[in-house]
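Chains R, C, Y, A, D and H are the protein sequences, given in the same order.
For the first sequence, position 118 (counting from the first letter as 1) is numbered 118 according to full-length UniProt numbering, and the numbering increases by one without interruption.
For the second sequence, position 18 (counting from the first letter as 1) is numbered 18 according to full-length UniProt numbering, and the numbering increases by one without interruption.
For the third sequence, position 142 (counting from the first letter as 1) is numbered 142 according to full-length UniProt numbering, and the numbering increases by one without interruption.
For the fourth sequence, position 66 (counting from the first letter as 1) is numbered 66 according to full-length UniProt numbering, and the numbering increases by one without interruption.
For the fifth sequence, position 141 (counting from the first letter as 1) is numbered 141 according to full-length UniProt numbering, and the numbering increases by one without interruption.
For the sixth sequence, position 238 (counting from the first letter as 1) is numbered 238 according to full-length UniProt numbering, and the numbering increases by one without interruption.
Note that beta-carbon positions come from the ideal geometry of N, C-alpha and C, so glycine has one too.
These notes are about the structure you will find just below.
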Amino acid sequence: MSKETVLTKADIRRCALRWMPMAVNTFSYQYQQAGTVVFALGPALRKIYTNDDEYVEALNNHFNYFNAHPWMANLVLGAALGIEDEGGIAAKEAVQGFKVALMGPMAGIGDSLIWVLYPTIMGSIAGSLALDGNITLTLIWLALNIAFMFVRVWMFQFGYESGTKLISVLGDKVAMLTETLSVLGLIVAGALIPSVVKITTPLTYTAGESVTEIQSILDQIFPFLLPVLATFVCYRLMKSNKVSISVLILIIVAISMVCAAFGILS
Amino acid sequence: MSKETVLTKADIRRCALRWMPMAVNTFSYQYQQAGTVVFALGPALRKIYTNDDEYVEALNNHFNYFNAHPWMANLVLGAALGIEDEGGIAAKEAVQGFKVALMGPMAGIGDSLIWVLYPTIMGSIAGSLALDGNITLTLIWLALNIAFMFVRVWMFQFGYESGTKLISVLGDKVAMLTETLSVLGLIVAGALIPSVVKITTPLTYTAGESVTEIQSILDQIFPFLLPVLATFVCYRLMKSNKVSISVLILIIVAISMVCAAFGILS
Amino acid sequence: MSKETVLTKADIRRCALRWMPMAVNTFSYQYQQAGTVVFALGPALRKIYTNDDEYVEALNNHFNYFNAHPWMANLVLGAALGIEDEGGIAAKEAVQGFKVALMGPMAGIGDSLIWVLYPTIMGSIAGSLALDGNITLTLIWLALNIAFMFVRVWMFQFGYESGTKLISVLGDKVAMLTETLSVLGLIVAGALIPSVVKITTPLTYTAGESVTEIQSILDQIFPFLLPVLATFVCYRLMKSNKVSISVLILIIVAISMVCAAFGILS
Amino acid sequence: MELSIVQSILLIVLAGLVPVDKYGMTFGLRWPVITSVFAGLIVGDMPTALYIGGTLQLMSLGIASVGGSSVPEYGVGVVVAVAIAATSGGGVEAGLAIGIPVAMLMVQFDVIAKLSCGALVQHAQKLANEKNFSGMYRTLLCGPVLSFLTAAIPMAIAVFVGGDMVNAVLNALPAWFTGGLTVASKMLPVVGVALLLTYMPANKFFAAVMLGFVLVAYFSMSMLGVAIVGAIVCLVYWGYCADKNAASANSTVMGELEDE
Amino acid sequence: MELSIVQSILLIVLAGLVPVDKYGMTFGLRWPVITSVFAGLIVGDMPTALYIGGTLQLMSLGIASVGGSSVPEYGVGVVVAVAIAATSGGGVEAGLAIGIPVAMLMVQFDVIAKLSCGALVQHAQKLANEKNFSGMYRTLLCGPVLSFLTAAIPMAIAVFVGGDMVNAVLNALPAWFTGGLTVASKMLPVVGVALLLTYMPANKFFAAVMLGFVLVAYFSMSMLGVAIVGAIVCLVYWGYCADKNAASANSTVMGELEDE
Amino acid sequence: MELSIVQSILLIVLAGLVPVDKYGMTFGLRWPVITSVFAGLIVGDMPTALYIGGTLQLMSLGIASVGGSSVPEYGVGVVVAVAIAATSGGGVEAGLAIGIPVAMLMVQFDVIAKLSCGALVQHAQKLANEKNFSGMYRTLLCGPVLSFLTAAIPMAIAVFVGGDMVNAVLNALPAWFTGGLTVASKMLPVVGVALLLTYMPANKFFAAVMLGFVLVAYFSMSMLGVAIVGAIVCLVYWGYCADKNAASANSTVMGELEDE
Ligand SMILES: OC[C@H]1O[C@H](O)[C@@H](O)[C@@H](O)[C@@H]1O
Ligand SMILES: OC[C@H]1O[C@H](O)[C@@H](O)[C@@H](O)[C@@H]1O
Ligand SMILES: OC[C@H]1O[C@H](O)[C@@H](O)[C@@H](O)[C@@H]1O
C-alpha cells in the first residue's frame, strides 16, 4: 500500500499558504470549505498523481463537504495530505474518512477558543483602552495574529508528518482504517444534525389566556424533530437523484422566505 | 418462512373495532391489556390458524403482558397481526418481541401527547367557556374525538400492512429478528423498573432537630433500590414456580395495606 | 483449574483480624492499602502456596495498588482469597482483576454510607447531648462500632465462600474471567482519573476589570485536562522504567511545593 | 326537585359509562365538561351542569392514568354533582361537596376492578387452553362490566340513598384500606415487569436489562430516548449476528466440501 | 470635510478586505478595534476612529461565525462609521447611526455570497472533471472576490451616494426578504449534513448516526465529547474487525491447505 | 492543675491511637465525642472533656478521608484541647485555641506519614522477594507506628513543652511547606492511578479507560454508576468471547478432522 512520498517541505508550506488566505472565502452550504481545500491542496495533489484521471478522482474526493475551524483545519488537512502522499489514490476513502471524523472536534475546539475566548480577552481590554485613545493593546493584538500565522504554517507541516507516519505504520490495514473512520464520521454527522441545523418554529396556539408553543409540542413528540425531518427529506432527495443540489438549495431559500413571511419558522 | 396471507381488509377493520372499545377495560396488573389483545385479535387469529393447537398456542402468546397507550396500540397490534399473518406460528417469538419492544415507546408518546397535551389544550378552553354557559368548544371536542376514531381504525390497517411487508422482506432471518427484538424488549423492561414501579418509603429518622429521610439513604446505597428489590423478588418467585401469580398479587396487596397502615411505604 | 481448597474457617477469620486493625495504616500513594493486604493475607497465602516461588509471586501480586473502604474491603479481600484458594497461582490475574474491578464501587458505597452518613447521624445527636453533659448516645455509638466489628469479620468469611463458589462454577473459563475483569478494572481506572486526581489551577488573568480564570479555559479545551495530562505523564514515565516510583513521588512533592509557593496549583 | 326513575337510571348508566369509555372508545366521557353535557340533558338543567362540568374540567387538567395508575375520576364526579345539585336544595356547592369525594374514591374502586380483572383474564386463558373459545370471549367481556360497576354503584347509592349516605360510607372506610390500595396501585406494576422478564431471555441478555435501567435511573431518559438507544443496540447486534451467521455458513460450506 | 477620491477608494478597499480577511488570513480586520486603526490612518482622524472602533469592539464581544452561520460584521460597520463621522457634521453619533445598521445588513449579504459560492464551486468541480485545472483555480479565486463585494458595495454607496441613501435602501428591503435570508441561514446547513450522509455508508452504520444524534439531543454533549465517545466506538470496532480478519484468515488458510 | 507523668503518657498514647484506630479498627477514636470520654477519664474532668468533645464533634460533621485524602483530625484536637484546658487556667477556650490548629496540622503530618509509608512498603516488597517473610511483616508493622507518631509527637510537645510552643511551631512553618503538602495530597493519587494502568492491559482496552473517564467527566456519574455500566460492558464482552471461543473450537475440530 504505502509508497515513496513525493512532497517536499516547500510543497507543504505552499499548501498552507494557499489554504490560509482562502479558507472560508469559498464557503457554500453544500461544499462548505471544500472549494478552498481543492484550491489549497491542488498543486500538491498534482505532484502525487501524475496520471490525470487519478488526479481528477482525488480532486473530486476533496470537493466533498468539509468544514472545520480555519486555523485548526491546518492540522487535519496536513494529516490528510500526509495520508494521501503515503497511500496514494488507494487511500482515498481513508483520506475522506479522516477529514470527516476530525472536522467536527476541530471546529468545536477552534470556535470556542479562537473565535470566542481569544477575542473576548483581547477585545475587552483593547476596546476599553481604545475608548481612551490608547492604541497599545490593539497593536499587540495585531502582532499576535501575525505570530499565529507562523504557528498555523507549522501546524500544517506537523499534520503532514503525523499523517504519513500513521499510514506507514498501518500497512495493509488501510481498508479497516477507512471503515472505522467512517463510523466516527457518521457519529459526528449524527451529532451535527441537532447542533448545526437550527430549525425551530415560533408558532403559538393561543386559547383564552393559555398560550401553547408548538415548538414545545414538537419537542415532546421527538427532540429536534424539525432538523431530523429536514435532514431526512434532503437526504432522500439527494439519494434519489431526482433533484440537483442547486435546485434543492433554491427550494430551501424559497421555503425560508415564505415561512419567514408567514412567521412559520424563525 | 413467509406464506400466503389470509386476512382481508374487513378482518383487520374488525380487529380494530373489537380493540377500541375494550382496550384498557380488561386491565389487570399481571396481564395489563393482554385480555383485550386476545379479545380483539381472536377472530383474525382463528382465520390464520385453522389448526386448534396452533390457535391456542397463538392465543397464549397474546395472553402475555402487553401495555401501550390504547390509541397508539393500534399501530403495534396491527403490525403484530401482519407479522403473524405473514409468518404464522413460526413467527410467534417475533410477534411477542415486536410487541414488547414497541409498547414502551408508544405508551410514552401517547400518554404525553394524547392523555396530557390534547385534553390540556381542549379542556382549558372548553372548561372556561363552559363556566360562561358556552358549549361550542365542548361540542367541537366531542366531534374531534369521533373523527379520531376513524384515524385509529386506519392506524390499525396501516400497521398491518407494514408488518406483512417487514416479514416478507426479512425472509429466513426471522429468528435473528426475534432475538434482536428481545434485546430491545429487555432494554425496555429494564427501563420500566425505575419508571413504573413507584415504591418509596416516607420513613424518617428524627434525632434532636435533625431529620433524616430513609429514602435518601436508600438512594445513596443504590438508586431505585426498592423497585429493583421488589422486581428481583417477584422475578425469583415467578421463576421458581413456588407461588402462583394470583397469590403473589394478593401478597402484594396485603403488604401494601400493612405498610400503609404503619406508614412504611407511601 | 480448580483444586482442593486448603483454608479453614479459622484461617479466614485470622485474615480478617489481621486486616482490620492495619487496613489504611500502611497507606502510601503508590501502594495505597496493598501493604496491609499483604500483611493480612500473607499467612493464608503461605498455606495455599507451599512452594516459595509461587508464594512470592502471589505476594507480589497483592503488592499491587489496592484501595477500598476499609470495612467494605472485607468482602472484596475475602472473595479474592476464595478465588486464590480455589484457583491457585493460575488465578493470579483473575484475583488482581477482581480486586481492581470491585475496589472502586466498594469505596464509593462505604465512603458515603459509613464515613459520611453514619457519623453524621450519630455525631449530630451524640455531640449535642455531650454539650449538655449527657454521655448516653456516645456510649451507644461506641457499642455499635464494636458490634460492627463482628459483622466485618463475617463479611470477610462470606466473601471467601462466594469467591470459591465463583471459581468452581467457572471451571476452565478463568482466563476469560480475567480478561473481562480487567476490562471492568480499566473502566474503573479511567473513572478514577477525574474523580481522585484533583489538580486545578487558581491562576487568573486580570485585564482591566475583566478577570479570566485559566482553569475555565482549560476546561473548555478538554475537561479535566490537568489530571489527564498528569496521569499520562506519570504513566509514560513508569512504562519507560526511566524513573523509579519513589523518585517520581519526590518529584511530584517538589512540584507541588513550588507550584503552591507561586500559586500555580491549588 | 325529584329525579324520575328514568332520569335516575339514565344518570347511573351515564356514570357507569364514564370509566368504560375512558378505558376504551374515548368518546370523551373521561373529560368532565363533555360528560356534563349529557348529565345536563338528563336532569334538564344545562346551565348548572355546564358550570359544574367546567369547574371540574379545570380542576382535573393534567391528571391522566399512565402505566395503569389509578387516578381520581372527575367524569364520575360530574354526574354525581349534577344529580345532587338538581335534587338537594344546596345547588352547585352541595353537588361538588359530594361529587369531588366520589371522584377521589374512584381510585380505590379502580384498583379493586383491576385486581378482579386479573382473575377474569386468568380464567379466560384457562378456557382458551380448554379450547372453549366462546367462553373465553364471554369472560373477557366481563371486564367492561366491572369498569361500569366501579362508577355505577356509588352513583346508585348517591341517587337512591342520597349524598349523605355516600359521605358516611366514605368516612367509614378505614385509612389502612384506602391508603393500602393507593400503595398497592404503585407496587403492583412490579408484577407485570417481573412477568415480562420471566418470559424473555433475561439471563442471556441481562446486560440489556441493566442498560435500560441505567438510562432511566442515572440519565432520567424518557421512554422514547430509551427506545432510540435500544434501536442503536439492536442495529449493532443485528450486524454482529449477520456476521456470525455468514462466518459459520462459511465454515459449514467448507465442512461440506470436505465431506464430498 | 470631504474625502478625496484616493481616501474613498482606500476606505472601500478596507471595507472589502474585512470579510476577506475574516474568512481567511485573520490578520485581524474582523475585530473592529483593529480595523479602526486603518480607517483612522486613511481619514486622518485617529482619535475618532479609535473611539468608534472601541465602541463597536465592546458591542461585538462574543459574536462569531460558527458552523457557517452569518453574523453582523462590525468590522465593516467601523469603516462606514468612521467615513460618515469624518464627512457629515454629525460626528461619532451620525457615524454609528449608519455603521451599525450596515453591520447588521452584512448578515443578509453574507447569505447571498454563500449561496452564490455554491454555484462557483460547482462550476469549479465541473471544470476539474473536464481537466481544465487552471480554469478551476480561477473560478475558485472568485470566492474572495464575492466576499470582498459584500462589504465593498454598501461601503461604496455610503461613500459616494451618502449615508442617507444607505438607510433608505435598508428600510426599503422587505421583511420577508431579510427575515427569509435569516431563516435560510439556519436551514441551509442541512444541505451539508445530508450530503455528508449520502457519500458515507450511512445505511450500513445507521446506528452510528443515531448515536451521535442521541449524544447531542439527549445529553447536550459538546462536539469534543462526541469525538471521545466516537473514538471509544472506533477502538472497539477496530478490535472487532481485527478479530474477524484473523478468524477468516484462519479459515482461508485451512481452505487452502485442503486444496493442496 | 498539673498533669501527673502517668496522665501525660496516657494522653500521648490516646492521641497517638486516634489515627491508628481511624485507619484501622474504627473503635471510634476518629470521632471527637468518643475520644473525649477517654480524655475525660484520664484528666478526671468529664464535664469539660465532654463539652470539648461535643463542640469538636459538631464542628467536624461531614469531614472524612476519602480516596486517601488527608483531612483535619479533630479526634487529636480533642485530646490536646482537654489537656490544655485542664492545665492552663484558660479553660475550654484556651484548650480549643490550641486543639483546633493542631487538628488542622494533622493534614500535613498525614501526608508525610503516607509518603514515608511508600518507602516502608517498598522495602517490605523487597524483603518479600528476598524471601525474608518475617522481615516483611515487621516492616509493614511500622505503618501503624508512623500513624501513631503523627499524633503523639505534637501531643508530646503540647504536654511537655506547653501549648504556646505548639502555636509557635505552627506559625514558624513556611506557607510553601504546608500549602505544598496540601497540593501534593491532591496530586499524589495520580501515582496510584498511573500504576494501575501500567499493570493492566491499558493499551489493548484503551477504549475502556476512555469510557470510565467519559462517564465521570461528562456525566458526573458516581462510582457505583460506573460499576454498573462496567458490568454491562463486561457481560457483553463475556458473551463475545464465549462466541469467539466456540467458533474457534469449531474450526479446530474441523482442522483436526482433516488431519485424520
Ligand atoms: O401508559 C400506557 C397506558 O397504560 C395503561 O394502559 C393505562 O393507564 C393507559 O391510560 C395508558 O395509556
Ligand atoms: O464551525 C466551524 C467553522 O464554520 C465555518 O467555516 C465558519 O463559520 C467558521 O468561522 C467556523 O469556524
Ligand atoms: O476511598 C476509599 C478509602 O481511601 C483511603 O483508603 C482512605 O481515605 C479511606 O478512608 C477511604 O475509605
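**Message:** Taking 7 Å as the cut-off, is the C-beta of R/Gly35 nearer than that to any heavy atom in ligand 2?
**Reply:** Incorrect: R/Gly35 has no Cβ contact closer than 7 Å to ligand 2.
**Asked** Is D/Glu260 helix, strand or coil by DSSP?
**Response** Residue placement at D/Glu260 is flagged as unreliable, the pLDDT there being 42, under the threshold of 50; the coordinate-derived value follows with that caveat. D/Glu260 falls in the coil class under three-state DSSP.
**Asked** Does the beta carbon of D/Leu211 sit closer than 8 Å to a beta carbon anywhere in chain A?
**Response** So yes, D/Leu211 belongs to the interface.
**Request:** Out of Y/Val76, Y/Val100, Y/Tyr65, Y/Gln96, point me to the one whose CA is closest to Y/Glu161's CA.
**Result:** The shortest C-alpha separation from Y/Glu161 is found at Y/Val76.
**Beta-carbon gap between D/Gly192 and R/Tyr29 smaller than 8 Å** = R/Tyr29 sits close to D/Gly192, with the two beta carbons spaced by under 8 Å.
**C-alpha gap between A/Ala64 and C/Val116, whole angstroms** = Approximately 7 Å, taken between the alpha carbons.
**Message:** Helix, strand or coil, according to DSSP, for R/Gln30 in the structure here?
**Reply:** DSSP places R/Gln30 in coil when its eight states are reduced to three.
**Item:** Alpha-carbon spacing of Y/Ile249 relative to H/Leu188, whole angstroms
**Value:** Near 7 Å, if we compare the C-alpha coordinates of H/Leu188 and Y/Ile249.
**Asked** Within the present structure, is the beta-carbon of C/Gly27 separated from the nearest heavy atom of ligand 1 by less than 7 Å?
**Response** Just to set this straight, residue 27 of chain C is Phe in the shown sequence, not Gly. At least one heavy atom of ligand 1 is found less than 7 Å from the C-beta of C/Phe27.
**Neighbourhood of Y/Gly185 by C-beta distance below 6 Å, restricted to the same chain and skipping five residues each side** = Counting only Cβ-Cβ distances below 6 Å, and skipping sequence neighbours, we find Gly97, Val100, Ala101.
**Request:** Anything in chain H within Cβ reach of A/Ala247, meaning under 9 Å, just list it in chain order.
**Result:** Here the neighbours are Ala247.
**Message:** Looking at ligand 1, does it come within less than 7 Å of C/Trp115, judged from the CB to the closest heavy atom?
**Reply:** Distances taken from the Cβ of C/Trp115 to the heavy atoms of ligand 1 include one shorter than 7 Å.
**Prompt:** When the Cα of R/Val153 is compared with those of R/Ser168, R/Thr164, R/Asn74, which residue comes out closest?
**Reply:** When only C-alpha atoms are compared, the closest one is R/Asn74.
**Request:** Could you give the DSSP three-state label for R/Thr212: helix, strand or coil?
**Result:** DSSP places R/Thr212 in strand when its eight states are reduced to three.
**Request:** Measure the Cβ-Cβ separation of A/Leu170 and A/Leu96 and say whether it is below 8 Å.
**Result:** No, Cβ-Cβ distance for A/Leu170 and A/Leu96 is not below 8 Å.
**Item:** Residues of its chain near A/Glu73, where Cβ-Cβ distance is below 6 Å and the 5 sequence neighbours each way are ignored
**Value:** Within the same chain, A/Glu73 has close Cβ partners Ala103, Met106.
**Cβ shell of C/Val6 (< 7 Å), same chain only, five flanking positions each side left out** = Closer than 7 Å at the Cβ level, and outside the excluded window around C/Val6, lie Lys47, Ile48, Asp85.
**Prompt:** By the 10 Å Cβ neighbour count, where 16 or more other Cβ atoms means buried, how is D/Ala242 classified, buried or exposed?
**Reply:** Here D/Ala242 is exposed, its C-beta having fewer than 16 other C-beta atoms within 10 Å.
**Asked** Is the Cβ-Cβ distance between C/Gly87 and C/Val188 less than 8 Å?
**Response** No, they are not a contact pair.
**Request:** At 8 Å on the CB atoms, spell out the chain D contacts of A/Ala113, in chain order.
**Result:** Listed along the chain, the chain D residues whose CB falls inside 8 Å of the CB of A/Ala113 amount to none; the nearest CB is some 38 Å away.
**Asked** How would you write the range of the alpha helix (DSSP H) that C/Glu93 sits in, first residue to last?
**Response** First-last of the alpha helix (DSSP H) with C/Glu93: 92-110.
**Prompt:** With a Cβ-Cβ cutoff of 8 Å, do D/Ala39 and D/Val6 count as a contact?
**Reply:** Cβ distance not < 8 Å, so D/Ala39 and D/Val6 don't count as in contact.
**Asked** Cβ of H/Lys186 less than 8 Å from any chain F Cβ?
**Response** The displayed structure is made up of protein chains R, C, Y, A, D and H, and chain F is not among them.
**Asked** Between A/Val214 and chain H, is there a C-beta pair that is closer than 8 Å?
**Response** True, the Cβ-Cβ gap to chain H drops below 8 Å.
**Message:** When you compare the CB of R/Ile217 with every CB in chain C, is at least one pair closer than 8 Å?
**Reply:** It does; some Cβ of chain C falls within 8 Å.
**Request:** Using beta-carbon positions only, say whether H/Ala184 and Y/Ile252 come within less than 8 Å of one another.
**Result:** Closer than 8 Å, so yes.
**Prompt:** Is it the case that the CB of R/Ala107 approaches a heavy atom of ligand 2 more closely than 7 Å?
**Reply:** With a threshold of 7 Å, the Cβ atom of R/Ala107 counts as near ligand 2, since some heavy atom of the ligand is closer than that.
**Request:** Give me the Cβ distance between D/Val33 and D/Gly16, rounded to the nearest whole Å; I'm assuming they're in contact under 8 Å.
**Result:** Going by Cβ atoms, the distance from D/Val33 to D/Gly16 rounds to 19 Å, so no, they are not a contact pair.
**Asked** Leaving out five residues before and five after D/Ala124 in sequence, what residues of the same chain have Cβ atoms less than 6 Å from its Cβ?
**Response** Excluding residues within five positions, the ones whose Cβ falls inside 6 Å are Met136, Thr139, Leu140.
**Message:** Once the 5 residues before and after H/Asp110 are set aside, which same chain residues still bring their CB inside 7 Å of it?
**Reply:** Correct list, in chain order: Ser70, Thr150.
**Prompt:** Looking at the unbroken alpha helix (DSSP H) that takes in C/Leu139, where does it start and where does it end?
**Reply:** Element bounds for C/Leu139: 136-170.
**Message:** To the nearest angstrom, how far is the alpha carbon of D/Ala119 from that of R/Tyr31?
**Reply:** Rounded to the nearest angstrom, the gap between the Cα atoms of D/Ala119 and R/Tyr31 is 10 Å.
**Prompt:** Heavy atom of ligand 3 less than 7 Å from the Cβ of H/Ser65, yes or no?
**Reply:** Inclusion of H/Ser65 in the 7 Å shell around ligand 3 follows from its C-beta lying nearer than that to a non-hydrogen atom of the ligand.
**Prompt:** Can you find a C-beta in chain R that's less than 8 Å from the C-beta of Y/Ile221?
**Reply:** Closer than 8 Å to some Cβ of chain R, the Cβ of Y/Ile221 qualifies, so yes.
**Prompt:** With respect to the alpha helix (DSSP H) encompassing R/Tyr235, which residues constitute its N-terminal and C-terminal limits?
**Reply:** That run of the alpha helix (DSSP H) goes 225-240.
**Message:** Determine, for C/Asn145, whether the minimum Cβ-Cβ distance to residues of chain A falls below 8 Å.
**Reply:** Cβ-Cβ to chain A under 8 Å: yes for C/Asn145.
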